[in-house]
Structure formats: C-alpha cells, structure tokens
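2 protein chains.
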Amino acid sequence: MPGEAAETGVGGGVSDVVALAAGAAPAVRAASREVRAGWLRAIAGALDADADALVEIADRETHLGAERLRGEVARTTGQLRLFAGVLEEGSYLEAIVDAADPAAVPPRPELRRFLRPLGTVAVFSASNFPFAFSVAGGDTAAALAAGCPVVVKGHSGHPELSRATARIVTDALAAAGAPAGAFGLVEGRQAGLDLVRAPVVRAAAFTGSLAGAQGLMDEIARRSDPIPFFGELGSTNPVVVTPGAVAARGDAIIDGLVASFTLGGGQFCTKPGLVFVPRGVADDPRLRARVAERPEFTLLTDRIAAAFAPGVDRLREEGAARVVAGETSGASGPVHAVIVATDVATFVERSDALLEECFGPVTVLVEYDEIAEVVAALALVGGSLTGTLHAQPGEAIDAVVAALEERVGRVVFDGWPTGVAVTWSQHHGGPWPATTNTSTSVGATSIRRFLRPVAYQQAPSETLPADLRDEALAGIPHRRDGELVLPSPNRGTTP
Amino acid sequence: MPGEAAETGVGGGVSDVVALAAGAAPAVRAASREVRAGWLRAIAGALDADADALVEIADRETHLGAERLRGEVARTTGQLRLFAGVLEEGSYLEAIVDAADPAAVPPRPELRRFLRPLGTVAVFSASNFPFAFSVAGGDTAAALAAGCPVVVKGHSGHPELSRATARIVTDALAAAGAPAGAFGLVEGRQAGLDLVRAPVVRAAAFTGSLAGAQGLMDEIARRSDPIPFFGELGSTNPVVVTPGAVAARGDAIIDGLVASFTLGGGQFCTKPGLVFVPRGVADDPRLRARVAERPEFTLLTDRIAAAFAPGVDRLREEGAARVVAGETSGASGPVHAVIVATDVATFVERSDALLEECFGPVTVLVEYDEIAEVVAALALVGGSLTGTLHAQPGEAIDAVVAALEERVGRVVFDGWPTGVAVTWSQHHGGPWPATTNTSTSVGATSIRRFLRPVAYQQAPSETLPADLRDEALAGIPHRRDGELVLPSPNRGTTP
Chain A
977 MPGEAAETGV GGGVSDVVAL AAGAAPAVRA ASREVRAGWL RAIAGALDAD
1027 ADALVEIADR ETHLGAERLR GEVARTTGQL RLFAGVLEEG SYLEAIVDAA
1077 DPAAVPPRPE LRRFLRPLGT VAVFSASNFP FAFSVAGGDT AAALAAGCPV
1127 VVKGHSGHPE LSRATARIVT DALAAAGAPA GAFGLVEGRQ AGLDLVRAPV
1177 VRAAAFTGSL AGAQGLMDEI ARRSDPIPFF GELGSTNPVV VTPGAVAARG
1227 DAIIDGLVAS FTLGGGQFCT KPGLVFVPRG VADDPRLRAR VAERPEFTLL
1277 TDRIAAAFAP GVDRLREEGA ARVVAGETSG ASGPVHAVIV ATDVATFVER
1327 SDALLEECFG PVTVLVEYDE IAEVVAALAL VGGSLTGTLH AQPGEAIDAV
1377 VAALEERVGR VVFDGWPTGV AVTWSQHHGG PWPATTNTST SVGATSIRRF
1427 LRPVAYQQAP SETLPADLRD EALAGIPHRR DGELVLPSPN RGTTP
Chain B
977 MPGEAAETGV GGGVSDVVAL AAGAAPAVRA ASREVRAGWL RAIAGALDAD
1027 ADALVEIADR ETHLGAERLR GEVARTTGQL RLFAGVLEEG SYLEAIVDAA
1077 DPAAVPPRPE LRRFLRPLGT VAVFSASNFP FAFSVAGGDT AAALAAGCPV
1127 VVKGHSGHPE LSRATARIVT DALAAAGAPA GAFGLVEGRQ AGLDLVRAPV
1177 VRAAAFTGSL AGAQGLMDEI ARRSDPIPFF GELGSTNPVV VTPGAVAARG
1227 DAIIDGLVAS FTLGGGQFCT KPGLVFVPRG VADDPRLRAR VAERPEFTLL
1277 TDRIAAAFAP GVDRLREEGA ARVVAGETSG ASGPVHAVIV ATDVATFVER
1327 SDALLEECFG PVTVLVEYDE IAEVVAALAL VGGSLTGTLH AQPGEAIDAV
1377 VAALEERVGR VVFDGWPTGV AVTWSQHHGG PWPATTNTST SVGATSIRRF
1427 LRPVAYQQAP SETLPADLRD EALAGIPHRR DGELVLPSPN RGTTP
C-alpha cells in the first residue's frame, strides 16, 4: 500500500532517500581514503560531543542504563576512528599488481586488482545496541569506510534516538564536505522491504532474528539480481566448564557467568545461552546468591518483555529443565534473571526446545559426567558467534576445542563472550544461523563486506582508479609480482 | 528415486563418497601448508605426466582440439603449482594478532584471528573447460589448497575424462600421503542434488548456466543451514570500440574480435557477446572475410549444438538483428561462426532478446553514433565477468570506463577478454548473474571462498592452531597490533 510507505526521520520517502544515496555513490566512491577517514572522524567527534543528550534519549527508549550506554557510545566512536585508521593504512584494498609477461605462453598482460565499493548499502539497525549496531554503528561505519552510501532502516525500539543520531551524522558529514545522500535514514517495516527491493541498493546488512530476516531474504531472492545479504541472526554461544576449572576457580566462574548472561538484561547476541557444567554445579548455592543480587531488568521492548516468561516456561516444559536460580514473574514489566538446568541426556533428547533462543536474562545449564558427553552434545548446537571454554592446564580439552572451532566464529578461553573488542583481529560471525555469510560485522575486516574485486587489464595509468596507480601503491601495502610490499616507513599520510 | 542414485567414477555411492570426505576433513585441515602444497604439486605432476592420454580422451569427448586442450592442461597444472606457492607464502591465512591491553576500558583480551577451512566442498564441473574448470580444475585446487576435502560432481559432457582425471588425482594424493577421502567424484544430476543436501557439505562451487544452478540453489535454500554457493552463471562480456580505435587499428580489432568470439567454438564464459562499434563497422567486408576463414566448429554437446541455430534465429527475429557475417546451417552437426548486427536504438528496445546468452560462435554488434548512446545502453547490460574497451589516447572514455567498472569484474583495455591469466591478481567474477558472490573462481584469491575466519581469545599457545602460534607467524606475513609484519627474508620454507 503506497499510502503506508514509511517516512524517513530526516525528510523524504524511501525512494527519495535511496535516489539521493545512489546519486551520491560516485562522489562517495571517488573521495580519497584520507577524505573518507575525515568523514568518519567527524561523525565520531560529533557523537562524542552530543553523547550526554544521546545517552539520555537512549536510556529512556531502551532502559539499558546510562553507564552501559555511555560505554556503547565510546565503543561506537572508537569503531569509527579505528576504521579511519584502516582507510589510511590501505591494506583493506587488497591491491595486487602483476606485471605483463610477454615471454609467457600465452603472453600475460599487466593486471591490477583491488577492492571497489559495492554501491549503496542498506543497513538494518538492531534494538539491543542502540549505538554500536544502530544508525551510526558498525555496519554504517564499515559501509562508509568502504566508500558506499548508506541508507539505515532505523529500529522501532529507539525511534527518537535514531532520528537524533541521523541528524548528527548528516550534519557532521555535510560539515566535512561529504555529498548529500551519503547517509540517509528510513523507518518502518515497509520501508525496509522497499529498501532491499530498490535496484540501486547493492547489499544489505542486518542484525536481528532469523524470523525478522526471512522477509528480507525472500524479497532479495525475488530480485532479478539478488544482492548480498549479511545477516547476523541468532547465536546460542555455548560454554563448557571443566571439573578442573570449577575446582580451581568456581567462585569466579559463577560470578562471571551470572554477570555475562545478565549483561544488558541478557539481550546481547553473545549472551552465553547454554552452559555445560559438571554434575552438581547447577545446585551450587552461589548461583542462586549471585542471581538474587542482580537487579530487575526492564527489557528493550514490550514485545521482548512479554515473550520472556513464556520462553522460560518453554524451557521448563518442553525442555524439561528446572529453575535453579531466580524466578519468572509471569506478569508484564521488569523481569528477574533466571537459570534453568537439565542434564546432558535430557539435552540430547530435547535439544530443539532447549536451543530455542530466549532473549533476556536466562541461561540453560547442562550437567554432564564425562567430557565426551559434551563433545557429543555440541554436535547438536547450531552455528554460533562464540564458544567458550573454562579449563585448567593439563585437562584433556582438544576434542572440546575442536567441536567449538567447528561451529563458532570466536573461541573464548577462560573468559566470557559478551565483551566484543573492536580491533583489527576481531571476528563477529559464525556458521548459520549465527551469520548468513563468512564475514564479520565487527572489527577492521568488516569493511570487506561492502567491497568487490575489480581487475584492470593493461589499463593506461591515467584511466586506473587513483588507488591503483603506482604513486598511490607506493604508500600502501600491496602485492607486486607475488611479493607483499610494505610502504617505506617515511611515507606521508596525506596524499 | 534411490535406485537412480548416481554411481561414482571411482567407486561408491554419493553418501559413501561424502562420508569418506567428511571423515578426511580433520586430517586435510590439520595437514600443514607445506604438506598440502606437496599434494597440489603431486597432482600437477601426475596430470602433466599423463597429459597426452588425457588430451586424447578430452578431444574425443569435447571436440575442443588437441592444441587448445594441451594448453588447458598446462593452465590447470600451473594453477595447482601457483596455489602451492600461495600456501607456502601464507598471506592467504589473513592472520591477525592483537595483544591484550589490560589498561583499556574495558580491558582488552588477546585475540588471534585467521582463516580456517570450511569443511567438505562440493564442486560442480563445467563442460567448456574439461580440465581447468572440471575435476582437477580451479575449484578443486582452491578447496584442497584451503584445506577442504572435495567431492566433484563430474560433467556429463566428458565422463570418461572425468573418471580418468579422478583416478590420477586420487592416486597422486594417496602417493603423497593425503588421507583417503580428500578427493572424490560423483556423477549424475541426482548425485549433484544429494551432494548439496548432505549436512557435512559446507560449500558448493558451480560453473554453468543460471538454469542449471537454480535447482541447486533451491535445494540449498531448503537446508536447515543454507551453505555458501559460489556460482558462475552467465556473462555477456560487453566490448566497446571507439571511432579512434577503428581508425587507428581496425584491422587488428577485427582480427582479434573474430578470434576471440570464436575461440573454443564460442564456448568461453568470457566470450565477447556484445560489441558496440561505430556506425558502418558492421558492414566492413573484413568481418565477413575473417569469419569465412574460421573453421566449422563441433560444439561441446549435441544439446548445445541443437540450441545454436535457434539461438541465432532468436537474435534475428526477436532481437531484429541482421546477419552480417557467416551463416547458420540450421542442420545438426558442426556450425559456422556468425555475426549479427543491430543499432543502439534497436538494442535499447529489444535488449532482453539481444542479451539472451547464446552459447557458441556468435556475437552481436551494436552500431552507435555517439559514445553517450553506448553509456546509456550499458546500463541495460547485467553483471559480467569482463568488459572491454578499445580506444585511442585522448578520446573521452571516462564515462564508458565508469559504466564498465560498475558492472564487470575485469576491465580489459585494448585486448580481448577470452584469455584469463592465472595469477595473484586475476579476478574472474562480477555482479549477478556473472557470479552469485563477490569472490573469484580464478587466481590466488579464489582460495578465500573455502575459508572462514575464526578468532581465538586468550587461547593458551599449545591450544592454538599451529599456523597461529608465534613460531609459525614468524614465517608468514601477518598483522600484529595493527602493523603488517613480513617474515624475515632468511626464513626457511620448511617447517
């Protein structure tokens, strides 16, 4: 129904916003790496400058708490600045040059290859990170870094924050000289569908549930030219605790587990949702004590809050798990943290019910007698963003590590998965359904999603993209005739 | 129908072959880079040693000619050896290490990231390159290089060659110490469907038509865990010739064009299928002369041969193009090369018919008056593997180059797209429908398709994969704390 076409937060309908973005694409692509780095830093500076006001709106809309939200702003602006550095460093272009070889059979032409921006990118915000995975979050930062205009579909869970952030991003980009249309915001479910239908949109990035993604994936499959869909869709984040670890530092593990699964009200995509523990641990009174100390949590949206108690009930009834710490109130409003427990035989029997993601402060303990049971049970666990192991030196853990590596994107040793450092090395992805792809949505390599290789055969130098000319290559790491070449240390960072 | 389950060329049903491959996966993954490089070189050596016999079978089954086929064997073994070198060099692992930073807020753990083999890969052979895109072709070489077992679904166009090649690969791998199951062959349409349904198959690579791929893509979408599908599906490979180029070297361009679109009987995925030329060129008598000199071509299969004349008729009738060189025989058997021509206004009107891929020695000339017409017409052309420009210095070609870059994976200047050098820098891919993905199926970076990142947080050194330990990293290019680090030049190449 065209009459229902969503309005954007910063003016214009979806088709206008998309047209403006597509119009900006050549200029965004043509802007030098240094110029785009400046745009990212301008956005970061503007967000930091308005952090107090933004956090106030965010807390009102998401109930995530001012402290957590201030940290999230810092993470978000740190991410923009990291990507600015990645642009200046230049490796992300993956530039490769092979000289012509007229003596080869057949003769080989000169070939230069690098990564080129895909074009306009649709970004779908998540509710649980109103800064880091929303309007100015990782996907937006990565796409702008790549040289792609971005149209964000704001999340209905924090509309006022989305608009306020969009205004700051738009103004910062304009002040930094970016073309109008480099960034846009649209709102509403219909706007999201329109976005992935638009022929000029060249990729979509999404963080949310599989159910939420399915409509978009179906729509993309109906395009005459299906586009890449980078979805982060759901993750169990299994944890394995060995007997040795419990014996050596049970206190710290229990403290850490309770802090991790209740962080942000249990609304992290890296929440440890399934914890294999030696038999007896589920009845450890320290679990009850730590959970009792946690405050009540006001969940992100009424829908999430309303789904929480039924979700826990399903774990109890269909999963045959018992509550070992905390309680469900059943009523609407704030919720208590809950731990349910079962044993590994029951888990194997009822894994479908026990693996159904329950968004909120609940986790499932699975008691085991032998580590081999854990290895067998892990085979039932789908792809996850993370897998965690708490063990002591000398314990036989190879099979557990192998099972985790096989199904997760990040293996955490003796820590907790909920912290996701934004670094060069971070990987935030995993086999289906953790993500739809082998890419990451966090860290320096997340920029790669919005680029595609193009090779130039025997191109006259003046026709090459600026980054592929010899004078530019001298300033960035690249491969030439098979050898990786670093820029000389005294190169300038300005063009 | 289980009774129709395809038999493999080297023994066993599909489920047996797949199970054997999955069983071999841990050992294939665990083999060192140097060991896997040895496997690739062993296969290359064995193929070279048997080249005469293989070429004889291939020529009988494909009619591509002994000379072309000998060249293709060399390309195939060169590719295996290139990938062996890529393994030894080690950059393909994309290893990144960030040290812990306890002073950061929040404190940052140590993180090490690299690329890990996906697991068993299904490879679907193409008919048109019975060596380079078949049993021991690029996809197989890339997957083995990545550390993945391979199950090839052989092409029905060259069954005997497929089996002979599979025997050579199997024997070479066994002699080199690779685990049984590292490579397998299955045959038949049903076997292909079974392959992409098998839970242990973690990715599929396909070269062929969109129609041929659709069944596999549908099957993959029905999996509870959809796997990556790397398809190379169809490509128009537009060429633009400027007035200046015609004036300066019309003879050479006409020679090159006729040689390129008839190469391999016009059955290359990089065949120039659409050529924009200045008005008047279509009636150049040199075109007729060069086409008349080409031999008759026996096409790859009876089906392709039977589809050729109707395809040319469709270009004439639905596309309103006229034959300007060569002729269609209409009968079965060998075919003549044909050039049809139209003008840019007709092309814009009837682009659907004129862009329908016609496999075989035919190309479509589109005459234009102004280069701006070409730029507008290119907007109707779908994603292609290549785009070619013949121009002279000083001509205004920026808009043409921009239009080509936007829709192709390789831009060729003053050459022809049918030669695809196997190098570090090659890119053989392009926007849909050229490929389903932003990856390449030729060149060093094609290995990337069969890998996914995994990060290790605070892992004890002895628990890390061998390639991520400090002593291994010293021997390969990697990034540490943001800086790219090259191995010292005097490192040994053996572990």
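Protein chains in written order, with my numbering: chain A, 977 to 1471; chain B, 977 to 1471.
Every residue gets a Cβ at the ideal spot worked out from N, C-alpha and C, and that includes glycine.
Quiz item: Who pairs with ASP1077/A in a beta bridge, going by DSSP?
Solution: Here residue 1077/A refers to the residue found at position 101 of the first sequence. BP columns for ASP1077/A point to ARG1084/A.
Exercise. Check ASP1319/A in the structure and name its three-state DSSP category.
Key: On the first sequence, residue 1319/A is found 343 positions in, with the first residue counted as 1. If DSSP states are grouped into helix, strand and coil, ASP1319/A belongs with the strands.
Exercise. Mind listing the chain E neighbours of PHE1252/A? Cutoff is C-beta to C-beta under 8 Å, in chain order.
Key: In the displayed structure, chain E is absent; the protein chains listed are A and B.
Exercise. Specify the secondary structure class of GLN1368/B as computed by DSSP and reduced to three states.
Key: As a working note, residue 1368/B is residue 392 in the second sequence. Three-state result, GLN1368/B: coil.
Quiz prompt | GLU1459/A burial status per 10 Å Cβ neighbour count (16 or more: buried) | solution = Here the question's residue 1459/A lines up with position 483 in the first sequence. Exposed, by the Cβ-count rule.
Self-check item: Residues sharing a beta bridge with GLU1208/B, DSSP
Solution: Indexing the second sequence from 1 puts residue 1208/B at position 232. Its beta-bridge partners are THR1183/B and THR1411/B.
Quiz item: Can the beta-carbon of VAL1251/A be found less than 8 Å from the beta-carbon of LEU1239/A?
Solution: As a first step, residue 1251/A is located in the first sequence; it is residue number 275 there, counting from the start. As a first step, residue 1239/A is located in the first sequence; it is residue number 263 there, counting from the start. Not closer than 8 Å, so no.
Self-check item: PRO1082/B burial status per 10 Å Cβ neighbour count (16 or more: buried)
Solution: In the second sequence, the residue the question calls residue 1082/B occupies position 106. Result: exposed.
Practice problem: Would you tell me roughly how many angstroms separate the C-alpha atoms of PHE1090/B and PRO1453/A, rounded to the nearest one? | Solution: Walking along the second sequence from the start, residue 1090/B turns up at place 114. Walking along the first sequence from the start, residue 1453/A turns up at place 477. C-alpha separation (whole angstroms): 19 Å.
Self-check item: Test item: CB-CB of LEU1478/A and ALA1442/A under 8 Å
Solution: Since the first and last residues shown for chain A are 977 and 1471, residue 1478/A lies out of range.
Exercise. Output yes if chain B places a C-beta closer than 8 Å to the C-beta of SER1327/A; else output no.
Key: Here residue 1327/A is taken as the residue at index 351 of the first sequence, counted from 1. By this cut-off, SER1327/A is not an interface position.
Practice problem: Starting from VAL1381/A, find everything on chain B with Cβ-Cβ shorter than 9 Å and list it in chain order. | Solution: For the purposes of this step, residue 1381/A is taken as the residue at position 405 of the first sequence. Inspection of the sequence shows that residue 1381/A is occupied by Glu rather than by Val. Within 9 Å Cβ-Cβ: ARG1092, VAL1430, TYR1432 and PRO1441.
Quiz item: How about VAL1128/B and LEU1120/B: are their beta carbons less than 8 Å apart?
Solution: On the second sequence, position 152 is the one that residue 1128/B refers to. On the second sequence, position 144 is the one that residue 1120/B refers to. No. Outside cutoff.
Self-check item: Residues that GLY1359/A bridges to, as DSSP identifies them
Solution: Taking the first residue of the first sequence as 1, we reach residue 1359/A at position 383. In the DSSP output, where bridge partners are listed per residue, GLY1359/A has none listed.
Self-check item: Partner residues on chain B for GLY1359/A, Cβ-Cβ distance less than 9 Å
Solution: Within the first sequence, residue 1359/A is the residue found at index 383, counting from 1. Per Cβ cutoff of 9 Å: ASP1201.
Exercise. Under 8 Å between beta-carbons, which chain B residues line up against SER1405/A? List them in chain order, please.
Key: Within the first sequence, residue 1405/A is the residue found at index 429, counting from 1. According to the sequence as given, residue 1405/A is Gly; it is not Ser. Within 8 Å Cβ-Cβ: ARG1428 and PRO1429.
Practice problem: Please go through the stretch 1234 to 1297 of chain B and give each complete alpha helix (DSSP H) segment of 4 or more residues, from N-terminal end onward. | Solution: 1261 to 1269 and 1278 to 1293
Self-check item: Boundaries (first-last residue) of the alpha helix (DSSP H) holding VAL1145/A
Solution: As a first step, residue 1145/A is located in the first sequence; it is residue number 169 there, counting from the start. From DSSP, the alpha helix (DSSP H) with VAL1145/A extends over 1135 to 1151.
Quiz item: Which class does PHE1100/B belong to by DSSP, given the choice of helix, strand or coil?
Solution: Here residue 1100/B is taken as the residue at index 124 of the second sequence, counted from 1. In the structure shown, PHE1100/B sits in a strand (DSSP, three-state: E or B).
Quiz item: In angstroms, rounded to a whole number, what distance separates the CA positions of ALA1013/B and ALA1378/A?
Solution: Looking up residue 1013/B in the second sequence gives position 37. Looking up residue 1378/A in the first sequence gives position 402. So the two alpha carbons sit approximately 24 Å from each other.
Quiz item: Since THR1416/B meets chain A, which of its residues come closer than 7 Å, beta carbon to beta carbon?
Solution: Here residue 1416/B is taken as the residue at index 440 of the second sequence, counted from 1. Within chain A, the residues near THR1416/B are PRO1429.
Quiz item: Does the beta-carbon of ALA1148/B have 16 or more other beta-carbons within 10 angstroms, so that it is buried, or is it exposed?
Solution: In the second sequence, counting from the first residue as 1, residue 1148/B sits at position 172. Looking at its Cβ environment, which holds 16 or more other Cβ atoms inside 10 Å, ALA1148/B is buried.
Quiz item: Since ARG1165/A is in the alpha helix (DSSP H), which residue starts that stretch and which ends it?
Solution: Reading the first sequence from its first residue, position 189 is the one you call residue 1165/A. First-last of the alpha helix (DSSP H) with ARG1165/A: 1165 to 1173.
Quiz item: Pick from GLY1113/B, GLU1064/B and VAL1177/B: whose alpha carbon is nearest that of GLU1195/B?
Solution: As a first step, residue 1195/B must be located in the second sequence, where it is residue number 219. GLU1195/B has its Cα closest to that of VAL1177/B, out of GLY1113/B, GLU1064/B and VAL1177/B.
Practice problem: Just grab the DSSP bridge partners of GLY1406/A for me. | Solution: Translated into positions along the first sequence, residue 1406/A becomes position 430. GLY1406/A is not bridged to any residue.
Self-check item: Rounded C-alpha distance that separates SER1138/B from ILE1144/B
Solution: Position 162 of the second sequence, counted from the start, is the residue given in the question as residue 1138/B. Position 168 of the second sequence, counted from the start, is the residue given in the question as residue 1144/B. Distance between the alpha carbons of SER1138/B and ILE1144/B is about 10 Å.
Quiz item: Quick one: what's got a C-beta closer than 6 Å to ASN971/B's C-beta in the same chain, skipping five residues either side?
Solution: Since the first residue of chain B shown is 977 and the last is 1471, residue 971/B is not available in this structure.
Practice problem: Could you name each continuous alpha helix (DSSP H) segment of 4 residues or more that falls completely within the stretch 989 to 1040 of chain A, going from the start of the chain to the end? | Solution: 990 to 1006, 1009 to 1025 and 1027 to 1038
Quiz item: If you draw a straight line from the alpha carbon of ARG1036/B to that of ALA1448/A, how long is it in whole angstroms?
Solution: Counted from its first residue, the second sequence places residue 1036/B at position 60. Counted from its first residue, the first sequence places residue 1448/A at position 472. Taking the straight line from one Cα to the other gives about 50 Å.
Exercise. Give me whichever residues DSSP pairs with PRO1214/B in a beta bridge.
Key: Position 238 of the second sequence, counted from the start, is the residue given in the question as residue 1214/B. According to DSSP, PRO1214/B bridges with LEU1250/B.
Quiz item: Are the beta-carbon atoms of LEU1361/B and THR1246/B separated by less than 8 Å?
Solution: Position 385 of the second sequence holds residue 1361/B. Position 270 of the second sequence holds residue 1246/B. Contact: yes.
Exercise. Could you list which residues in chain A have their beta carbon closer than 8 Å to that of GLY1395/B, in chain order?
Key: Taking the first residue of the second sequence as 1, we reach residue 1395/B at position 419. Result: PRO1082 and PRO1085.
Quiz prompt | Validate contact between the stretch 1365 to 1376 of chain B and the stretch 1416 to 1425 of chain A using beta carbons, cut 8 Å, 3 pairs | solution = no
Exercise. Run the CB neighbour count on ASP1260/A, radius 10 Å, all protein chains shown included, and call it buried at 16 or more, exposed below.
Key: Indexing the first sequence from 1 puts residue 1260/A at position 284. Classification of ASP1260/A: buried, given that the 10 Å Cβ count is 16 or more.
Quiz item: Can you name the residues of chain B whose CB is closer than 8 Å to the CB of VAL1316/A?
Solution: As a position in the first sequence, residue 1316/A is number 340, starting the count at 1. In chain order: nothing, as chain B lies at least about 25 Å away.
Exercise. Measuring only between beta-carbons, confirm whether ALA1196/B sits less than 8 Å from chain A.
Key: Indexing the second sequence from 1 puts residue 1196/B at position 220. Sequence inspection shows Ile at residue 1196/B; the Ala mentioned does not correspond to that position. Not closer than 8 Å to any Cβ of chain A, the Cβ of ILE1196/B fails to qualify, so no.
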